[in-house]
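Beneath this line is the structure, given in structure tokens, with notes to follow.
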Amino acid sequence: MPACSANCGKNAILKRPKTGDALCKECFFEAFENEIHFTITRAKLFTPGSTVAVAASGGKDSTVLAYVLKLLNEKYGYNLKLVLLSIDEGITGYRDDSLETVKQNRDDYEMPLKIMSYKDLYGWTMDEIVAEVGRKNNCTFCGVFRRQALDRGAMLLKVNYLATGHNADDIAETVLMNILRGDLARLNRCTSIITDSGDGIPRVKPLKYTYEKEIVMYAYFRKLVYFSTECIFAPNAYRGHARVLLKDLEKVDPAVIMNIIQSGESLCVNETANMPTLMTCERCGYGSSQKICKACTLLEGLNRGLPRLGIGKSSKVKKLIEQDDLKRSAAGCCKSKNKSDCGNCACNKNEIKRDLSKAVEELKI
Amino acid sequence: MSGLNITIEFGGGAELLFGNKKKQEVILPAKEGEWTLKDLIFWMKDNLLQERPELFIQDDSVRPGILVLVNDADWELMDTVKYVLEAKDKIVFISTLHGG
Amino acid sequence: MCSVGDDNLEEKTSKYMEPVPKFKLDDNKCNKCRASTPCIVLRGKDAYCQACFLSGTTHKFKAFLGKHRFVYPNDKVLVYHTEGHPSTSLLHFLRSGLDLSTPKKLRFEPIVIYIEDKIDLSSEERSDAAEFIRKQVEEYKFPLHYISLCDCVKKNNKVAECLVDDISKLSIGDNDKENLNQVLNSKANTTNKRDILKIYKKTILIEAAKHLGCKVVFTPELGIDIASQLLTNVSLGRGIHLALDVGICDNRDEDVKIVRPLRHFEIKELAMYNHFNRLEVVAKKEKLENIYSSVQSLMKNFVGGLQNNFPATITTIVRTGDKLAMEKSLEDNPRCVLCRGPQENRNEELTSAESTSFSHWVSTRSPQYSMTPVERYEKSLESFSVAGDSPYCFACERLSHDLVVS
Numbered sequence: 078m079p080a081c082s083a084n085c086g087k088n089a090i091l092k093r094p095k096t097g098d099a100l101c102k103e104c105f106f107e108a109f110e111n112e113i114h115f116t117i118t119r120a121k122l123f124t125p126g127s128t129v130a131v132a133a134s135g136g137k138d139s140t141v142l143a144y145v146l147k148l149l150n151e152k153y154g155y156n157l158k159l160v161l162l163s164i165d166e167g168i169t170g171y172r173d174d175s176l177e178t179v180k181q182n183r184d185d186y187e188m189p190l191k192i193m194s195y196k197d198l199y200g201w202t203m204d205e206i207v208a209e210v211g212r213k214n215n216c217t218f219c220g221v222f223r224r225q226a227l228d229r230g231a232m233l234l235k236v237n238y239l240a241t242g243h244n245a246d247d248i249a250e251t252v253l254m255n256i257l258r259g260d261l262a263r264l265n266r267c268t269s270i271i272t273d274s275g276d277g278i279p280r281v282k283p284l285k286y287t288y289e290k291e292i293v294m295y296a297y298f299r300k301l302v303y304f305s306t307e308c309i310f311a312p313n314a315y316r317g318h319a320r321v322l323l324k325d326l327e328k329v330d331p332a333v334i335m336n337i338i339q340s341g342e343s344l345c346v347n348e349t350a351n352m353p354t355l356m357t358c359e360r361c362g363y364g365s366s367q368k369i370c371k372a373c374t375l376l377e378g379l380n381r382g383l384p385r386l387g388i389g390k391s392s393k394v395k396k397l398i399e400q401d402d403l404k405r406s407a408a409g410c411c412k413s414k415n416k417s418d419c420g421n422c423a424c425n426k427n428e429i430k431r432d433l434s435k436a437v438e439e440l441k442i
Numbered sequence: 002m003s004g005l006n007i008t009i010e011f012g013g014g015a016e017l018l019f020g021n022k023k024k025q026e027v028i029l030p031a032k033e034g035e036w037t038l039k040d041l042i043f044w045m046k047d048n049l050l051q052e053r054p055e056l057f058i059q060d061d062s063v064r065p066g067i068l069v070l071v072n073d074a075d076w077e078l079m080d081t082v083k084y085v086l087e088a089k090d091k092i093v094f095i096s097t098l099h100g101g
Numbered sequence: 070m071c072s073v074g075d076d077n078l079e080e081k082t083s084k085y086m087e088p089v090p091k092f093k094l095d096d097n098k099c100n101k102c103r104a105s106t107p108c109i110v111l112r113g114k115d116a117y118c119q120a121c122f123l124s125g126t127t128h129k130f131k132a133f134l135g136k137h138r139f140v141y142p143n144d145k146v147l148v149y150h151t152e153g154h155p156s157t158s159l160l161h162f163l164r165s166g167l168d169l170s171t172p173k174k175l176r177f178e179p180i181v182i183y184i185e186d187k188i189d190l191s192s193e194e195r196s197d198a199a200e201f202i203r204k205q206v207e208e209y210k211f212p213l214h215y216i217s218l219c220d221c222v223k224k225n226n227k228v229a230e231c232l233v234d235d236i237s238k239l240s241i242g243d244n245d246k247e248n249l250n251q252v253l254n255s256k257a258n259t260t261n262k263r264d265i266l267k268i269y270k271k272t273i274l275i276e277a278a279k280h281l282g283c284k285v286v287f288t289p290e291l292g293i294d295i296a297s298q299l300l301t302n303v304s305l306g307r308g309i310h311l312a313l314d315v316g317i318c319d320n321r322d323e324d325v326k327i328v329r330p331l332r333h334f335e336i337k338e339l340a341m342y343n344h345f346n347r348l349e350v351v352a353k354k355e356k357l358e359n360i361y362s363s364v365q366s367l368m369k370n371f372v373g374g375l376q377n378n379f380p381a382t383i384t385t386i387v388r389t390g391d392k393l394a395m396e397k398s399l400e401d402n403p404r405c406v407l408c409r410g411p412q413e414n415r416n417e418e419l420t421s422a423e424s425t426s427f428s429h430w431v432s433t434r435s436p437q438y439s440m441t442p443v444e445r446y447e448k449s450l451e452s453f454s455v456a457g458d459s460p461y462c463f464a465c466e467r468l469s470h471d472l473v474v475s
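As structure tokens, then:
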């Protein structure tokens with residue numbers, strides 16, 4: 078066994094893919110944690126005294142993130158208030174177990190936990206959505222809803238920051254994927270360590286420069302509990318190809334991950350290139366490149382019994398809604414999906430059951 | 002039943018695998034059923050190919066990067082490996098390897 | 070954890086990659102003239118007859134020159150020539166363009182250069198290859214210059230001394246490999262070696278162009294080369310120079326531009342163009358390489374593989390490259406001594422480069438257990454300083470360890 082590169086005299090227990098240095102357990106812990114501390118302080122991620130919601134899924138990234146943030150908060154006196162934020166999509170079997178893990182994190186790390194469910198926020202669980210739309214486009218719903226759920230949860234908790242567990246591998250993969258897709262707008266933004274979702278709560282990635290392999294090793298040696306979960310993987314095939322490519326590249330040279338991030342940070346998009354502008358959704362105020370955000374569009378579809386609304390071209394959405402409106406007023410029916418809710422059927426155009434903005438109002442603390 | 006006579010030509014470096022002969026007239030032996038391009042490719046591997054079959058054949062076809070023309074037309078226009086050979090057909094194999 | 074939705078995909082959530090179904094010939098008519106029988110299918114969907122294909126191909130080449138106006142009448146253009154189909158097509162495009170008697174004829178003066186760099190072959194094979202090239206270029210009636218890569222590198226890139234116009238003066242030595250090892254670490258990994266040699270060749274082309282009075286250099290990269298080079302360069306940390314390395318034009322030198330006029334072509338098009346024009350192509354001996362031997366080979370294999378099932382892959386990546394630009398704030402930065410591109414800004418923001426340096430730093434400091442952990446960190450930070458004034462850019466800095474400095 079080679080000696081620890083830090084020359085502490087002990088035997089190394091792992092070779093860091095990031096730098097090739099061999100470290101013993103204690104030096105690895107210290108290096109791993111100090112690098113995240115360096116990232117946080119050097120990039121000025123948090124102002125002292127802030128409240129930070131840690132996006133917690135029960136997986137390795139969020140478990141390690143919560144653990145290390147708590148550790149560093151105490152060690153270096155960040156003076157942050159940390160809270161775990163978890164999303165319950167309402168997928169029987171999948172989410173139950175990971176939520177148990179998050180609850181354990183809450184107990185082990187002594188952090189408050191807030192669980193937001195799709196049911197609370199949107200009025201539909203994933204199980205109900207799948208029953209309505211089938212298995213083909215369900216991932217579209219889940220993805221859009223989850224992203225907004227985290228942002229909305231953060232807003233409702235009135236935190237100053239939302240910290241997510243995106244690691245170096247994730248970011249490198251996203252850079253490659255955006256090149257393959259030709260998505261310049263995202264390519265330009267995806268290496269930012271702080272991003273604004275458009276409604277004021279910045280998202281922060283303290284693990285941006287941390288390798289996934291090292292996260293796994295850290296969790297293993299620190300004996301942290303996490304839930305290894307495989308949701309049926311998204312049909313976004315570009316990400317699948319980018320993932321395979323990244324794994325292959327690592328075989329050739331593990332330093333590639335940091336190089337890709339460096340490239341993503343330093344590339345520059347031509348100003349004249351066509352990029353979408355960010356607006357706010359008319360219904361719920363969320364940042365969107367359309368007048369009505371994707372979540373509101375998808376919800377509208379679910380509530381009207383038009384499960385394909387919002388899947389595919391957004392230009393068709395307006396037309397489909399108009400068609401449906403005509404159909405309903407012709408039938409003398411209000412917009413409620415369930416006849417039983419319809420009641421008197423005096424068509425009140427604004428009475429959409431479980432309107433998102435209403436849900437938000439109800440949930441305000 | 003006599004054999005099938007066809008002309009085979011090579012270009013772009015493919016000839017290097019076949020003894021550097023750019024053009025060959027061949028008579029395919031009589032057999033049961035028809036000669037498809039796939040049959041030809043495998044016959045060439047067994048009878049004409051001088052080296053490194055992996056540079057010519059992959060799975061059940063030619064290696065990607067080798068263009069095939071049948072009477073000066075792209076074989077993609079006629080079902081690739083399933084094309085049935087006729088007498089006096091000219092089949093051209095062009096290697097498109099290029100350096101990077 | 071499931072990563073769907075991470076990107077705030079609003080428009081494109083349903084953009085699944087469907088493999089393109091195999092080509093089916095609908096009506097046996099050329100897409101363009103709708104009259105003749107097609108003889109070629111491109112991109113798995115467009116069928117053309119021979120006449121339309123040939124005229125379309127020539128037109129595409131001319132359109133590129135016309136659109137970008139890099140070359141003016143009577144300019145001299147240095148044409149980098151190699152074996153294979155693309156270079157052959159390029160010579161033919163140029164010769165036929167110059168020989169036109171219509172007003173549309175090309176009006177500049179191509180000068181061809183061949184860089185002899187095949188150190189892995191025997192001297193005999195190398196001489197034969199050079200001779201094939203000589204014969205080929207002679208048929209097109211262009212002046213041809215030769216330069217030996219090894220010779221040039223040995224003489225510290227003094228191109229003027231090594232450039233010859235007579236094949237008998239081209240230096241091909243059995244010791245070339247050893248000679249190269251005196252400048253380039255023989256134990257360097259293949260990725261780095263290829264990257265360094267590529268940079269050297271570019272430098273040679275620019276210096277040769279200056280020496281021969283050319284303002285523009287044409288290089289024969291195809292779409293697949295551009296796409297795999299883009300991904301390669303991203304993987305090597307060369308994001309800052311992408312616009313130069315894989316864009317339409319590399320103008321890092323103030324006198325000489327490098328232009329890639331075949332960037333929208335695919336190999337099949339040019340191989341067929343050469344076949345229909347009965348052009349002799351100088352063949353290259355093929356070696357099947359292990360795709361994991363270098364980042365470059367991995368990327369070439371990846372792009373080629375993806376393109377087979379998804380024919381929009383290469384054009385999408387190339388177009389992404391087209392939309393990248395050099396950041397204005399870099400213009401006045403000192404130039405990297407290796408690749409001659411402007412160096413990165415050393416500014417306030419934390420970068421991956423700095424983070425990696427810090428990681429390595431922190432992994433190699435001896436811990437002093439007499440101090441508290443916080444003190445230890447403070448001490449590490451104090452003595453850590455980002456590499457001060459390096460003469461290299463980020464990516465070349467990593468390569469510099471493989472350059473033997475005499």
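Protein chains in written order, with this note's numbering: chain A, 78 to 442; chain B, 2 to 101; chain C, 70 to 475. The C-beta atom is built at its ideal place from N, Cα and C for all residues, glycine as well. These numbers were taken from a predicted model, which means no experiment stands behind them.
Mind checking if G1(B) is an interface residue toward chain C, Cβ cutoff 8 Å exclusive?
-> Beyond the ends of chain B as shown, which are 2 and 101, falls residue 1(B); an answer cannot be given.
Note down, in chain order, every chain C residue with its Cβ under 9 Å from the Cβ of R212(A).
-> Taking the first sequence and counting its residues from 1, one reaches residue 212(A) at position 135. Listed by position along chain C, the residues whose Cβ is nearer than 9 Å to that of R212(A) form an empty set, because the closest Cβ is around 14 Å away.
Residues bridged to E185(C) [DSSP beta-bridge criterion] | For the purposes of this step, residue 185(C) is taken as residue 116 along the third sequence, with counting starting at 1. Answer is S217(C), bridged to E185(C).
For the beta strand (DSSP E) that I92(B) lies in, which residues bound it at each end?
-> Taking the second sequence and counting its residues from 1, the one referred to as residue 92(B) is at position 91. First-last of the beta strand (DSSP E) with I92(B): 91-96.
By how many angstroms is the C-alpha of V210(A) removed from the C-alpha of P289(C)?
-> The sequence position of residue 289(C) within the third sequence is 220, counting from 1. The sequence position of residue 210(A) within the first sequence is 133, counting from 1. Between the C-alpha atoms of P289(C) and V210(A) there is a straight-line separation of about 51 Å.
Out of L100(A), L383(A), F105(A), state which residue places its alpha-carbon closest to the alpha-carbon of R299(A).
-> Start at 1 with the first residue of the first sequence, and residue 299(A) comes out as number 222. Nearest of L100(A), L383(A), F105(A) to R299(A), Cα basis: F105(A).
Starting from the beta carbon of P54(B), find every residue of chain C whose beta carbon is closer than 7 Å, and list them in chain order.
-> The residue given as residue 54(B) occupies position 53 in the second sequence. By Cβ distance, chain C contributes nothing, its closest Cβ being about 11 Å from P54(B), past 7 Å.
Please list, in chain order, all residues of the same chain as L234(A) whose beta carbon is under 8 Å from its beta carbon, the five residues on each side excluded.
-> As a working note, residue 234(A) is residue 157 in the first sequence. Within the same chain, L234(A) has close Cβ partners T128, A130, V160, L162, K191, I442.
If you check the beta carbons only, do L326(A) and L367(C) fall under 8 Å apart?
-> As a first step, residue 326(A) must be located in the first sequence, where it is residue number 249. As a first step, residue 367(C) must be located in the third sequence, where it is residue number 298. Yes, these two residues count as a Cβ contact at 8 Å.
Between the C-alpha atoms of I90(A) and Y295(A), what's the straight-line distance to the nearest angstrom?
-> Position 13 of the first sequence, counting from 1, holds the residue named residue 90(A). Position 218 of the first sequence, counting from 1, holds the residue named residue 295(A). Computed Cα separation, rounded: 12 Å.
Using alpha carbons as the reference points, say which of K187(C), D220(C), V181(C) lies closest to E207(C).
-> On the third sequence, residue 207(C) is found 138 positions in, with the first residue counted as 1. Answer by Cα proximity: V181(C).
List the DSSP bridge partners of I28(B).
-> One-based indexing of the second sequence puts residue 28(B) at position 27. Per DSSP, N6(B).
Rounded C-alpha distance that separates C219(A) from L261(A) | In the first sequence, counting from the first residue as 1, residue 219(A) sits at position 142. In the first sequence, counting from the first residue as 1, residue 261(A) sits at position 184. C-alpha separation (whole angstroms): 24 Å.
Taking 8 Å as the CB-CB limit, is L344(A) close to chain C?
-> Taking the first sequence and counting its residues from 1, one reaches residue 344(A) at position 267. Closer than 8 Å to some Cβ of chain C, the Cβ of L344(A) qualifies, so yes.
What does a CB cutoff of less than 6 Å around V179(A) pick up in its chain, not counting 5 residues either side in sequence?
-> Locating residue 179(A) in the first sequence gives position 102, counting from the first residue. Closer than 6 Å at the Cβ level, and outside the excluded window around V179(A), lie A133, G135, S163.
Thinking just about the alpha-carbon of each residue, which of F304(A), A240(A), L323(A), R266(A) is nearest to the one in V145(A)?
-> Locating residue 145(A) in the first sequence gives position 68, where the first residue counts as 1. The shortest Cα separation from V145(A) among F304(A), A240(A), L323(A), R266(A) belongs to A240(A).
Just curious, the beta strand (DSSP E) that F287(C) is in, first and last residue?
-> Mapped onto the third sequence, residue 287(C) falls at position 218. Per DSSP, F287(C) belongs to the beta strand (DSSP E) from 285-287.
Option nearest I271(A) by Cα separation, candidates I117(A), A108(A), C85(A) = Start at 1 with the first residue of the first sequence, and residue 271(A) comes out as number 194. For the options I117(A), A108(A), C85(A), the alpha carbon positioned closest to that of I271(A) is the one of I117(A).
Have a look at the DSSP bridge pairing and note the partners of C318(C).
-> As a first step, residue 318(C) must be located in the third sequence, where it is residue number 249. For C318(C), which the question treats as bridged, DSSP gives the partners V328(C).
is_contact[F115(A), chain C] using C-beta, thresh 8 Å = Along the first sequence, one-based indexing puts residue 115(A) at 38. Closer than 8 Å to some Cβ of chain C, the Cβ of F115(A) qualifies, so yes.
When you compare only the Cα positions, how much space is there between T260(C) and N336(A)?
-> Taking the third sequence and counting its residues from 1, one reaches residue 260(C) at position 191. Taking the first sequence and counting its residues from 1, one reaches residue 336(A) at position 259. Those two C-alpha atoms are separated by around 14 Å.
Which partner residues of P179(C) appear in the DSSP bridge assignment?
-> As a first step, residue 179(C) is located in the third sequence; it is residue number 110 there, counting from the start. Paired residues: V146(C).
Mind checking if K290(A) is an interface residue toward chain C, Cβ cutoff 8 Å exclusive?
-> Within the first sequence, residue 290(A) is the residue found at index 213, counting from 1. Output row for K290(A): interface = no.
Do L393(C) and A312(C) come within 8 Å of each other at the CB atom, strictly closer than that value?
-> The residue given as residue 312(C) occupies position 243 in the third sequence. The residue given as residue 393(C) occupies position 324 in the third sequence. Yes, these two residues count as a Cβ contact at 8 Å.
What does G125(B) pair with, by DSSP beta-bridge criteria?
-> Because chain B is modelled from 2 through 101, residue 125(B) falls outside the range shown and cannot be assessed.
Is R280(A) helix, strand or coil when you go by DSSP?
-> For the purposes of this step, residue 280(A) is taken as the residue at position 203 of the first sequence. Residue state for R280(A) is assigned as strand, using DSSP reduced to three classes.
Residues in its own chain within less than 6 Å of L339(C) by CB, not counting five upstream and five downstream?
-> For the purposes of this step, residue 339(C) is taken as the residue at position 270 of the third sequence. The answer, listed in chain order, is H154, P155, S158.
Apply the 10 Å Cβ neighbour rule to P79(A) and answer buried if 16 or more other Cβ atoms are within range, or exposed otherwise.
-> Start at 1 with the first residue of the first sequence, and residue 79(A) comes out as number 2. Burial call: exposed.
In chain C, what lies closer than 7 Å to D73(B) by C-beta?
-> In the second sequence, residue 73(B) corresponds to position 72, counting from 1. Under the 7 Å cutoff, chain C gives C108.
Per DSSP, which one or two residues make a beta bridge with M193(A)?
-> Within the first sequence, residue 193(A) is the residue found at index 116, counting from 1. I164(A).
Is it right to say A332(A) is buried, meaning 16 or more other beta carbons lie within 10 angstroms of its own, or is it exposed?
-> Locating residue 332(A) in the first sequence gives position 255, counting from the first residue. Buried, because 16 or more other Cβ atoms sit within 10 Å of the Cβ of A332(A).
Alpha-carbon spacing of K98(C) relative to D173(A), whole angstroms = Looking up residue 98(C) in the third sequence gives position 29. Looking up residue 173(A) in the first sequence gives position 96. Roughly 59 Å between the two C-alpha positions.
Write down the C-beta distance between C405(C) and C462(C) rounded to the nearest angstrom, noting that I regard them as a contact closer than 8 Å.
-> The residue you call residue 405(C) lines up with position 336 of the third sequence. The residue you call residue 462(C) lines up with position 393 of the third sequence. Yes, they are in contact, since the Cβ atoms of C405(C) and C462(C) sit about 4 Å apart, within 8 Å.
Taking 8 Å as the CB-CB cut-off, is V93(B) touching chain C?
-> Here residue 93(B) refers to the residue found at position 92 when the second sequence is read from its first residue. Output row for V93(B): interface = yes.
Nearest-angstrom Cα separation, counted from Q119(C) out to C102(C) | Counted from its first residue, the third sequence places residue 102(C) at position 33. Counted from its first residue, the third sequence places residue 119(C) at position 50. Cα-Cα distance, rounded: 11 Å.
If you compare alpha carbons, which of K223(C), V364(C), G316(C) is closest to V346(A)?
-> As a position in the first sequence, residue 346(A) is number 269, starting the count at 1. Ranking the options by Cα distance to V346(A), first place goes to G316(C).
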